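Here the sequence shown is numbered in this note's numbering, starting from 4 and rising by one per residue.
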Amino acid sequence: MTDQELEKAAANGLINRRHLLGLGLAGMGAAVANSALAADAGMLLEIPAWSKTPGPGASDYGGRSSYAGQFQRMSGAPNPTYPGGGASRSPLQHLQGTITPNGLHFERHHAGVPDIDPSQHKLVINGLVRQPLVFSYEDLLKYPMVSKIYFLECSGNSGALWGANGADAPDGTAQSIHGLVSCAEWTGIPLSTLLDEAGVEPEARWIGAVGADAASMGRSVPLDRAMDDVLVALYQNGEPVRPEQGYPMRLLVPGCEGNISVKWLTQVKLTREPSHFRDETSKYTDTQPDRLSRQFTFPMGTKSLITTPSGQMTLNRPGLYQITGIAWSGRGSIRRVEVSADGGQTWADALLDDQHSHKALARFRIPWQWSGGSAILQSRATDSLGNIQPTRTGLINEVGLLGRYHFHGIQSWGVNSAGEVRNVFA
Ligand SMILES: Nc1nc2c(c(=O)[nH]1)N[C@H]1C(S)=C(S)[C@@H](COP(=O)(O)O)O[C@H]1N2
Ligand SMILES: [Mo]
């Protein structure tokens, strides 16, 4: 970024990473000091009631403070013609950091959540193997495990931003538009360990993974990917995988469209060709402008979005705000996130929490001085392979509007002079 560009970004109120130590932190310091002064003037040396008597003692299962807000997942109304089908979305605008608490992890079910007794559940590995194997849950618990942080995103996430019906989701929130992404620490057995034990025949090229739900969800995964970083996940953020996430075990295919991370995993079959399951023919294909459909789109695109401020929030008065959001890439880690306050004319570098986790969410933050005028807030991610998040129109020009999966274009939050934030197509 040139100095001239930096100046322009600063003129729009964005306080660049390069400016942080000077202008940025000084500005933040001033704001904090002012509010401390104001609080000091009205401070009473009174001991609040909650400090005078002991509170309730220890409890068996923790919950959120009643003052911390009632945010929860957002699920659609049940559809009687699609029993158990549907999704619920993570409340992204209420979360910080990068890990999604288990009770707020998004869900996507094709036939509801099966009530699986792990002592009756089996995982079968068969097909092109030297020795077909059957594992019980107990057996699997004895295998060496690894713990890794990975995001999971449904390929239908952010679908409203295709705007295919002219609808621009003006009332959308980060949750309602983008809440089909979550991130957790998954603990499980590398699938390669189990496949090695079964002994993969040289002609095998794919696996077909099948779930034990009433949808019998099946998906094909290329063998080289299956042998790479794929897990049979048994734990989610330290506790057994939740029923909604696939208890007692799920496939977790890092970085890839959520659909292939088959939940309630019961079979892995080694095959020469993809199995062409229902969910990789009738659905989850990307129809191109020439009307041919691309069948297998695995890694999710390089993507970011601002979670605060975001849709349906209101900025109460001009002044200093912290813009924050999440970024991820199905192919690597996030190297850079830039933020614009003028609809993409000028950009400033946000600060990234520096875990640089592969195929996990990254958190970015940047201070912004809102002048009180209208603004269009955008974020743009770059991943470790140099892939840059496209604009919405750039993406649509490239892939057309016949497919409705894998939206990863830049999100625009319009701020009007009343401080109201809405989704806009910029
Ligand atoms: N067996 C089975 N696996 C499944 C599904 C399903 O309905 N049945 N849904 C898939 C889809 S479309 C997605 S996006 C992810 C969602 O995982 P989550 O519900 O844990 O967030 O699971 C995938 N695995
Ligand atoms: Mo999905």
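Glycine included, each C-beta is placed from N, C-alpha and C at the ideal position.
These figures come from a predicted structure and were not determined experimentally.
Opposing strand residues paired with residue i [DSSP bridges]
i: Trp331; result: Lys306
i: Asn129; result: Lys272
i: Thr317; result: Glu423
i: Thr385; result: Arg339, Ile391
i: Pro243; result: Tyr238
i: Phe366; result: Sequence check: residue 366 is Arg here, not Phe. Bridge partners of Arg366: Ile329.
i: Asp289; result: Arg297
As assigned by DSSP and simplified to three states, the class of residue i
i: Tyr85; result: coil
i: Arg281; result: helix
i: Thr311; result: strand
i: Leu26; result: Low local confidence applies: a pLDDT of 38 at Leu26 is under 50, so the model's placement there is unreliable, and no value is given.
i: Pro121; result: helix
i: Tyr250; result: coil
i: Leu198; result: helix
i: Asp232; result: coil
i: Leu295; result: coil
i: Ser91; result: strand
i: Thr396; result: helix
i: Ser219; result: coil
i: Gly79; result: coil
i: His112; result: strand
i: Ile263; result: helix
i: Tyr140; result: helix
i: Asp171; result: coil
i: Asp356; result: coil
i: Ala33; result: Low local confidence applies: a pLDDT of 48 at Ala33 is under 50, so the model's placement there is unreliable, with the coordinate-based value given in what follows. DSSP places Ala33 in helix when its eight states are reduced to three.
Anticipated Cβ contact below 8 Å, residue i with residue j, distance rounded
i: Ala167; j: Arg395; result: Incorrect: roughly 12 Å between the Cβ atoms, too far for contact.
i: Leu380; j: Ile309; result: 6 Å
i: Trp373; j: Leu318; result: 6 Å
i: Leu131; j: Leu273; result: 4 Å
i: Gly304; j: Gly333; result: 7 Å
i: Thr349; j: Thr327; result: Rounded, the Cβ-Cβ distance is 19 Å, inconsistent with contact.
i: Gly16; j: Ala429; result: That pair is no contact at about 17 Å.
i: Ser179; j: Met316; result: Between Met316 and Ser179 the Cβ distance is about 13 Å, and since that is not below 8 Å, they are no contact.
Distance between residue j and residue i (C-alpha atoms, nearest Å)
i: Gly214; j: Arg253; result: 8 Å
i: Phe367; j: Thr101; result: 10 Å
i: Phe74; j: Gly66; result: 13 Å
i: Asn426; j: Pro393; result: 17 Å
i: Ala29; j: Ser54; result: Bear in mind that a pLDDT of 42 at Ala29, under 50, signals an unreliable position, so the model cannot answer this.
i: Pro438; j: Arg245; result: The chain is shown only over 4 to 429; residue 438 falls outside these bounds and no answer can be derived.
i: Ile176; j: Gly417; result: Checking the sequence shown, residue 176 turns out to be Thr, not Ile. Going from the Cα of Thr176 to the Cα of Gly417 covers about 12 Å.
i: Glu156; j: Ala163; result: 15 Å
i: Ser81; j: Glu247; result: Contrary to the premise, residue 81 reads as Pro rather than Ser in this sequence. When rounded, the distance between both Cα atoms is 16 Å.
i: Asn262; j: Ser158; result: 7 Å
Report yes or no: do the region 204 to 212 and the region 241 to 251 share at least 3 C-beta pairs separated by less than 8 Å? no
Specify whether the region 383 to 398 and the region 330 to 340 touch according to this definition: at least 3 beta carbon pairs, one from each stretch, less than 8 Å apart. yes
Does the pairing of the region 399 to 414 with the region 130 to 148 give three or more beta-carbon distances under 8 Å? no
Stretch pair the region 187 to 194 + the region 229 to 239: three plus CB contacts closer than 8 Å: yes
For the structure I just gave you, are there three or more beta carbon pairs, one from the region 296 to 309 and one from the region 86 to 93, closer than 8 Å? no
I want to know whether the region 268 to 284 touches the region 209 to 223 - three or more CB-CB distances under 8 Å. yes
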